[in-house]
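Here the structure comes first, spelled out in structure tokens, and everything after it is commentary.
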């Protein structure tokens, strides 16, 4: 594979912030990875793991403290590359901010089209095409302040596509959206990748990463703790096993004692379809199933047994349950 | 300069402005109140002195509007979360701010003209201008010189969340130092040097020369020399603002400070 096959190459990238009191905090610590052209690449990690700082460095908003990052073959640290690079990339941030609320969806797109130097002649067809792509043609002349949250996120994506970017950074694009709208956004992301756009996706939702990402990195405290495809990442924790217990009652009273059992690495409970699903990460070879069953005796057990680790289990294992 | 970005930012600012009904407060109600207060102060005076007073009110309206609008335009982007999108675009901040400042200057002009119209139609001040056409030209150029100071302040706003303190502190001293209400020659000698370094001082002097009968220039020069000096200083301000904003943009990339709110 030669250099042209890569959209992004990151080599020992580090970013340190200095507070006004003189203390230093390393947000991104010596990370290296690469992203192939046309790939959907996930950057996963808990809050404060360094995901957004990484995106900011790769999108020329922030200079690295040390290390190198090349996007479309251009060094992001060099000032001479800034304008050229910005013409060929774009960023979507999650949440409702980042739009001019008193302008219509179409006026927002026109403004950013002008900032990217797109001619008026091109703008007409491009904006119609983008509004159609994100399903907002009928709301084009409605002020953004009257848009729903999902509509705002879609117009965000349309805004970021205004320069037909070769690399698109999506920073938590489905955060706070309902499942139906999130599914629509994921379908849109898949369509963009199918058309050749390289996508860097940061997300908290593991099912989203598993559904969309060809490969991913998992960050924890600024460092890479996992890197590869979803199956590769799951295999990387083959020293662990997973017991899944589904109960009718909330097992919150016994979780703490299960966590302290010999051979147990971590415990997580979530509500799934009106039942409580507890995932217990255990060391391989330590047969703790009977002891776990005993602990859960009074919680109305519906099912219990060993299970394959999901990406979420792997993520929690790698990030230490953050 | 990226004229497409300048035009687009002018249009964006105009659309935002008219879509917010609050524009009536700074652009209609505020000049009306300025005029009322000024004419109450000068109620027993007639002729050129009243015109000077009305001019002072007009300039204050222009200055307040231009300074605050130019400065807060980027502050709005910071709060609104659009600053990050602007910074990640290939357009330089100076082009965006210039476009928006031209709109703000235009509104400042409307503001100033309203003061004169209200003084004439509502309060019947009945003062005649020496050369109305020349006066209008000096008014527009003075407004642009005020906007050029606003550009420098806007750089501070991109950089810091607390720059409104700087704007609040600067508003009245600059207004006084420019000689809008009190003649510069009546100010202490040391502060007169600061006045001469302010572009609007020359613009206001030119405006008074073009409109007030018997007005003596602060330096004894004529209206054209005043305007040339004002344009030269305004260009210098623009260069300073451009360089400041470029430094601020570099600093943002180094510290990441402007994109935190």
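Chains as they are written, first to last, in my numbering: chain A, 289 to 610; chain B, 64 to 324. Backbone N, C-alpha and C fix where the C-beta goes; we use that ideal spot for every residue, glycine too.
By the 10 Å Cβ neighbour count, where 16 or more other Cβ atoms means buried, how is residue 159 (chain B) classified, buried or exposed? On the second chain, position 96 is the one that residue 159 (chain B) refers to. Looking at its Cβ environment, which holds 16 or more other Cβ atoms inside 10 Å, residue 159 (chain B) is buried.
Keeping to the same chain, check which residues put their C-beta closer than 6 Å to that of residue 72 (chain B); ignore five residues upstream and five downstream. For the purposes of this step, residue 72 (chain B) is identified with residue 9 of the second chain, where counting begins at 1. Here the set comprises 159, 162 and 163.
Is the beta carbon of residue 337 (chain A) closer than 8 Å to that of residue 510 (chain A)? On the first chain, position 222 is the one that residue 510 (chain A) refers to. On the first chain, position 49 is the one that residue 337 (chain A) refers to. Against a cut-off of 8 Å, the Cβ pair of residue 337 (chain A) and residue 510 (chain A) comes out as a contact.
Measuring CA to CA, which of B:240, B:271, B:269 and B:270 is closest to residue 259 (chain B)? For the purposes of this step, residue 259 (chain B) is taken as residue 196 along the second chain, with counting starting at 1. Of the candidates B:240, B:271, B:269 and B:270, the one whose C-alpha sits nearest the C-alpha of residue 259 (chain B) is B:240.
Runs of 3 residues minimum, wholly inside the region 362-404 of chain A: which ones carry the beta strand (DSSP E) assignment? 377-381
Residue range of the unbroken alpha helix (DSSP H) whose run includes residue 322 (chain A): Within the first chain, numbered from 1, the residue matching residue 322 (chain A) stands at position 34. First-last for residue 322 (chain A): 312-324, but that is the beta strand (DSSP E), not the alpha helix (DSSP H).
Where residue 348 (chain A) meets chain B, residues with beta-carbon distance less than 8 Å: Indexing the first chain from 1 puts residue 348 (chain A) at position 60. The answer, in chain order, is 151 and 316.
Where residue 323 (chain B) falls: helix, strand or coil (DSSP): Residue 323 (chain B) sits at position 260 when you count from the first residue of the second chain. Here residue 323 (chain B) scores only 48 on pLDDT, less than 50, and its place in the model should not be relied on; the value that follows carries that caveat. Reduced to three states, the DSSP call for residue 323 (chain B) is coil.
Do the region 313-326 of chain A and the region 496-509 of chain A touch if we need at least three Cβ pairs shorter than 8 Å? yes
Which of the three DSSP states, helix, strand or coil, is assigned to residue 559 (chain A)? For the purposes of this step, residue 559 (chain A) is taken as the residue at position 271 of the first chain. Strand, per DSSP.
Do you know how far the Cα of residue 278 (chain B) is from the Cα of residue 271 (chain B)? Residue 271 (chain B) sits at position 208 when you count from the first residue of the second chain. Residue 278 (chain B) sits at position 215 when you count from the first residue of the second chain. Taking the straight line from one Cα to the other gives about 7 Å.
Which residue marks the beginning of the beta strand (DSSP E) containing residue 591 (chain A), and which one marks its end? Numbered from 1 along the first chain, position 303 holds the residue referred to as residue 591 (chain A). Where residue 591 (chain A) is concerned, the enclosing beta strand (DSSP E) stretches over 589-595.
Just checking: is the beta-carbon of residue 219 (chain B) within a distance shorter than 8 Å of some beta-carbon in chain A? Indexing the second chain from 1 puts residue 219 (chain B) at position 156. No - not a single Cβ of chain A is within 8 Å of the one on residue 219 (chain B).
When A:604, A:482, A:547 and A:490 are compared against residue 341 (chain A), the one with the closest alpha-carbon: The residue given as residue 341 (chain A) occupies position 53 in the first chain. The shortest C-alpha separation from residue 341 (chain A) is found at A:490.
How is the alpha helix (DSSP H) around residue 602 (chain A) delimited, first residue to last? Position 314 of the first chain holds residue 602 (chain A). Where residue 602 (chain A) is concerned, the enclosing alpha helix (DSSP H) stretches over 599-606.
Mind checking the region 124-145 of chain B against chain A and listing, in chain order, the residues whose C-beta falls within less than 7 Å of any C-beta there? 143, 144 and 145
Residue-chain proximity (residue 68 (chain B), chain A), Cβ-Cβ < 8 Å: Looking up residue 68 (chain B) in the second chain gives position 5. Yes, its Cβ sits closer than 8 Å to a Cβ of chain A.
Proximity test, Cβ basis, 8 Å: residue 386 (chain A) and chain B: Residue 386 (chain A) sits at position 98 when you count from the first residue of the first chain. So, interface residue.
Counting only beta-carbon separations shorter than 8 Å, does residue 211 (chain B) have a partner in chain A? As a first step, residue 211 (chain B) must be located in the second chain, where it is residue number 148. Chain A, which has no Cβ nearer than 8 Å to the Cβ of residue 211 (chain B), makes this no.
Going along the region 402-425 of chain A in order, which residues come within less than 8 Å of chain C, judged by CB to CB distance? Reference to chain C is not applicable here, since the protein chains of this structure are A and B.
Quick one: grab the DSSP three-state call for residue 337 (chain A). Taking the first residue of the first chain as 1, we reach residue 337 (chain A) at position 49. DSSP places residue 337 (chain A) in coil when its eight states are reduced to three.
For residue 586 (chain A), is the classification buried or exposed, using 16 other Cβ atoms within 10 angstroms of its Cβ as the cut-off for buried? As a working note, residue 586 (chain A) is residue 298 in the first chain. Exposed, because fewer than 16 other Cβ atoms sit within 10 Å of the Cβ of residue 586 (chain A).
Which of the three DSSP states, helix, strand or coil, is assigned to residue 406 (chain A)? The residue given as residue 406 (chain A) occupies position 118 in the first chain. Looking at residue 406 (chain A) - three-state DSSP - the assignment turns out to be coil, as it is neither helix nor strand.
Does chain B have any CB closer than 8 Å to the CB of residue 335 (chain A)? In the first chain, counting from the first residue as 1, residue 335 (chain A) sits at position 47. For residue 335 (chain A), the answer is no, since every Cβ of chain B falls outside 8 Å of its Cβ.
Uninterrupted alpha helix (DSSP H) stretches inside the region 213-262 of chain B (no shorter than 4 residues): 227-240 and 252-260
Using alpha carbons as the reference points, say which of A:455, A:298 and A:339 lies closest to residue 327 (chain A). Numbered from 1 along the first chain, position 39 holds the residue referred to as residue 327 (chain A). For the residues A:455, A:298 and A:339, the minimum Cα distance to residue 327 (chain A) belongs to A:455.
The beta strand (DSSP E) spanning residue 332 (chain A) covers which residue range? Start at 1 with the first residue of the first chain, and residue 332 (chain A) comes out as number 44. From DSSP, the beta strand (DSSP E) with residue 332 (chain A) extends over 328-332.
Any C-beta of chain B sitting closer than 8 Å to the C-beta of residue 430 (chain A)? Against the first chain, residue 430 (chain A) aligns to sequence position 142. No - not a single Cβ of chain B is within 8 Å of the one on residue 430 (chain A).
May I ask you to list, following chain order, the residues of the region 147-181 of chain B that have a beta carbon less than 8 Å from some beta carbon of chain A? 147, 148, 149, 150, 151, 152, 153, 154 and 159
What number of angstroms, rounded off, separates the C-alpha of residue 546 (chain A) from the C-alpha of residue 531 (chain A)? As a position in the first chain, residue 546 (chain A) is number 258, starting the count at 1. As a position in the first chain, residue 531 (chain A) is number 243, starting the count at 1. Going from the Cα of residue 546 (chain A) to the Cα of residue 531 (chain A) covers about 12 Å.
Measure the alpha-carbon distance for residue 605 (chain A) versus residue 148 (chain B) and round it to whole angstroms. In the first chain, the residue the question calls residue 605 (chain A) occupies position 317. In the second chain, the residue the question calls residue 148 (chain B) occupies position 85. Going from the Cα of residue 605 (chain A) to the Cα of residue 148 (chain B) covers about 35 Å.
Using alpha carbons as the reference points, say which of A:601, A:558 and A:516 lies closest to residue 527 (chain A). Walking along the first chain from the start, residue 527 (chain A) turns up at place 239. Minimum Cα distance to residue 527 (chain A) is reached at A:601.
Measure from the alpha carbon of residue 505 (chain A) to the alpha carbon of each residue in A:345, A:436, A:472 and A:521, then state which is nearest. To locate residue 505 (chain A), count along the first chain from 1; it is residue 217. Checked all of A:345, A:436, A:472 and A:521; the closest Cα to residue 505 (chain A) is A:521.
Can you have a look at residue 561 (chain A) and say buried or exposed, based on whether 16 or more other CB atoms are within 10 angstroms of its CB? Within the first chain, the letter at position 273 stands for residue 561 (chain A). So residue 561 (chain A) ends up on the exposed side.
Please state if the CB of residue 114 (chain B) and the CB of residue 243 (chain B) are separated by a distance shorter than 8 Å. Reading the second chain from its first residue, position 180 is the one you call residue 243 (chain B). Reading the second chain from its first residue, position 51 is the one you call residue 114 (chain B). Their beta carbons are not under 8 Å apart, which means residue 243 (chain B) does not touch residue 114 (chain B) by this criterion.
Chain-ordered chain B contacts of residue 375 (chain A) [CB-CB under 8 Å]: To locate residue 375 (chain A), count along the first chain from 1; it is residue 87. The answer, in chain order, is 153.
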